[in-house]
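To keep things clear, I will list the structure first and then write my remarks on it.
In my numbering, the protein residues as written are 490 to 786.
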């Protein structure tokens, strides 16, 4: 999706089940203010977040990017027959990445893009996170989208993707120019959950996922662009307000008239750097409250 930029140290981190994940550490270039784990969007390789990670490092935050199993530098030899789901990405992969961060008193912050905002509620160790800056998270239901985008998405799920998936044995996302190819079970969960107005929170087969989300107390700052066709603000509210009822939540609608086009992925392009600086300031405010003994819950 983008050309890797220099400045990070490639590493490998074992997931909870031993699967090896490709990751990159970006050391803080000034007095350290915190550590950031970047939980990316579905089918978006970690290199897409390199510019953000470098910016974070320059601002005093050590940053860690990674790829979920089956994607990018965590890709299997073949996705045909490869077993991985959204829940695996959260509970086995993201949870292990967070556990790899030292427990030395330096606050850990989560930067979550789209699926990363869903994963927050599925990991067992969210208590280690001091704050979550999330962008482009939504409920996935086409009914929250504009009529034109709704028609496109329904065509993808019901007409275009099913025969392609049956043919390939995985979700050939790259052939449509929409991201990296995805494991079969990720496709199945994604398609199923997008049928519900509140995403997996309404799936009667997995009530434990909603129960897990309800345990989150992490402060959340959620940004959604007004020109995000996949996750407009009302889609964000449908998910976040129901998923994290006990978490302090701030919602921001990003106006492309002031920043330029954002869409679903532009939060991590160069012109969005003012948003990044806002995230760092918010992280610092949370850390200041914690240092003063104030509740940030």
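Note that CB positions come from ideal geometry on N, CA and C, so glycine has one too.
Looking at the secondary structure, which residues open and close the alpha helix (DSSP H) in which residue i lies?
{"i": "residue 726", "result": "722-732"}
{"i": "residue 587", "result": "584-588"}
{"i": "residue 673", "result": "673-682"}
{"i": "residue 605", "result": "604-608"}
{"i": "residue 697", "result": "696-702"}
{"i": "residue 643", "result": "636-644"}
{"i": "residue 550", "result": "Residue 550 -> not in any alpha helix (DSSP H); beta strand (DSSP E) instead, spanning 550-555."}
{"i": "residue 540", "result": "539-547"}
Which one of the options has the shortest CA to CA distance from residue i?
{"i": "residue 511", "options": "520, 536, 719, 567", "result": "536"}
{"i": "residue 598", "options": "638, 588, 524, 627", "result": "524"}
{"i": "residue 553", "options": "579, 501, 578", "result": "501"}
{"i": "residue 531", "options": "755, 521, 550, 557", "result": "557"}
{"i": "residue 739", "options": "499, 768, 548, 607", "result": "768"}
{"i": "residue 588", "options": "561, 526, 623, 636", "result": "526"}
{"i": "residue 705", "options": "612, 637, 549, 596", "result": "612"}
{"i": "residue 610", "options": "640, 764, 736, 547", "result": "736"}
{"i": "residue 559", "options": "551, 515, 497, 570", "result": "570"}
Rounded to a whole number of angstroms, what is the C-alpha to C-alpha distance between residue i and residue j?
{"i": "residue 634", "j": "residue 576", "result": "25 Å"}
{"i": "residue 616", "j": "residue 771", "result": "18 Å"}
{"i": "residue 760", "j": "residue 674", "result": "35 Å"}
{"i": "residue 603", "j": "residue 529", "result": "7 Å"}
{"i": "residue 493", "j": "residue 694", "result": "Since pLDDT at residue 493 reaches only 48, below the 50 mark, its modelled position is unreliable, and no value is offered."}
{"i": "residue 787", "j": "residue 544", "result": "Nothing about residue 787 can be read from this structure; the chain reaches only from 490 to 786."}
{"i": "residue 721", "j": "residue 564", "result": "30 Å"}
{"i": "residue 652", "j": "residue 667", "result": "17 Å"}
{"i": "residue 716", "j": "residue 747", "result": "12 Å"}
{"i": "residue 566", "j": "residue 555", "result": "18 Å"}
{"i": "residue 642", "j": "residue 665", "result": "13 Å"}
{"i": "residue 646", "j": "residue 680", "result": "7 Å"}
{"i": "residue 572", "j": "residue 578", "result": "11 Å"}
{"i": "residue 730", "j": "residue 591", "result": "31 Å"}
{"i": "residue 631", "j": "residue 727", "result": "12 Å"}
{"i": "residue 520", "j": "residue 776", "result": "14 Å"}
{"i": "residue 618", "j": "residue 708", "result": "9 Å"}
{"i": "residue 606", "j": "residue 678", "result": "16 Å"}
{"i": "residue 751", "j": "residue 696", "result": "33 Å"}
Decide if residue i is buried, meaning its Cβ has at least 16 other Cβ atoms within 10 Å, or exposed.
{"i": "residue 432", "result": "Here the chain covers residues 490 to 786 and nothing more, so residue 432 does not appear."}
{"i": "residue 594", "result": "exposed"}
{"i": "residue 644", "result": "exposed"}
{"i": "residue 582", "result": "buried"}
{"i": "residue 574", "result": "buried"}
{"i": "residue 507", "result": "exposed"}
{"i": "residue 534", "result": "buried"}
{"i": "residue 701", "result": "buried"}
{"i": "residue 755", "result": "buried"}
{"i": "residue 648", "result": "exposed"}
{"i": "residue 637", "result": "exposed"}
{"i": "residue 763", "result": "exposed"}
Considering only residues of the same chain and omitting the five flanking positions on each side of residue i, which have a CB-CB separation below 8 Å?
{"i": "residue 503", "result": "509, 510, 585"}
{"i": "residue 734", "result": "703"}
{"i": "residue 654", "result": "660, 661, 673, 676"}
{"i": "residue 713", "result": "624, 625, 626, 627, 720, 721, 722, 724, 725, 740, 741, 742, 743"}
{"i": "residue 639", "result": "631, 632"}
Near residue i, which residues of its chain fall below 7 Å by C-beta distance, leaving aside the five closest residues on each side in sequence?
{"i": "residue 682", "result": "629, 688, 689, 692"}
{"i": "residue 670", "result": "568, 659, 660, 661, 662, 663"}
{"i": "residue 538", "result": "527, 529, 554, 757"}
With a CB to CB cut of under 6 Å and the five nearest residues on each side skipped, what residues in its chain are close to residue i?
{"i": "residue 698", "result": "689"}
May I ask which residues mark the beginning and end of the beta strand (DSSP E) holding residue i?
{"i": "residue 747", "result": "Premise fails: residue 747 lies in the alpha helix (DSSP H), 745-748, not in any beta strand (DSSP E)."}
{"i": "residue 514", "result": "509-515"}
{"i": "residue 652", "result": "No beta strand (DSSP E) holds residue 652; the alpha helix (DSSP H) holding it covers 650-657."}
{"i": "residue 523", "result": "523-528"}
{"i": "residue 622", "result": "618-624"}
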